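K.L.:
Under this note's numbering, the very last position in the sequence shown is 1403; numbers go up by exactly one each time. The C-beta atom is built at its ideal place from N, Cα and C for all residues, glycine as well. In this text, all values refer to a predicted model and were calculated from it rather than measured experimentally. Quick one: the structure is below, and I'll ask about it shortly.
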Amino acid sequence: MLNTGFFININYLEINKIIMSILKNYFKQNSVMHSFSSCQWPIGDPQEKDFHFCEADTVAGKPYCQSHCDVAYIDEKELKKEKEAQKNRRIAA
């Protein structure tokens, strides 16, 4: 405790506990606490109360589940095939 000279004793450990409690409750109420071992794909509007993360099991080394990895990452081989197909369609037309 610290005596400030104004007859107020400040217990910094208690203040820290109160602040941490407030932050913990805030994050719980806003659904932003989640495990980083779960899918990080955001679902909904972050400003809405029902906003949350997917939370399915992640693919090793990725922040997303398999379903969201399929959306988030482009297979370069497939991309090349699609570009080649578009090029061939233009030539044929």
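Short check: CB of residue 1350 to CB of residue 1363, under 8 Å?
P.N.:
In contact: residue 1350 and residue 1363 (Cβ atoms closer than 8 Å).
K.L.:
Keeping to the same chain, check which residues put their C-beta closer than 7 Å to that of residue 1368; ignore five residues upstream and five downstream.
P.N.:
Excluding positions up to five away in sequence, the list reads 1347, 1348, 1349, 1374, 1375.
K.L.:
Where DSSP assigns a beta bridge to residue 1362, which residues make up the other side?
P.N.:
In the DSSP output, where bridge partners are listed per residue, residue 1362 has 1353.
K.L.:
Please state if the CB of residue 1379 and the CB of residue 1372 are separated by a distance shorter than 8 Å.
P.N.:
Contact: yes.
K.L.:
So, for residue 1354: in the same chain, excluding its five sequence neighbours on each side, which residues have a beta-carbon less than 7 Å away from its beta-carbon?
P.N.:
Here the set comprises 1360, 1361, 1362.
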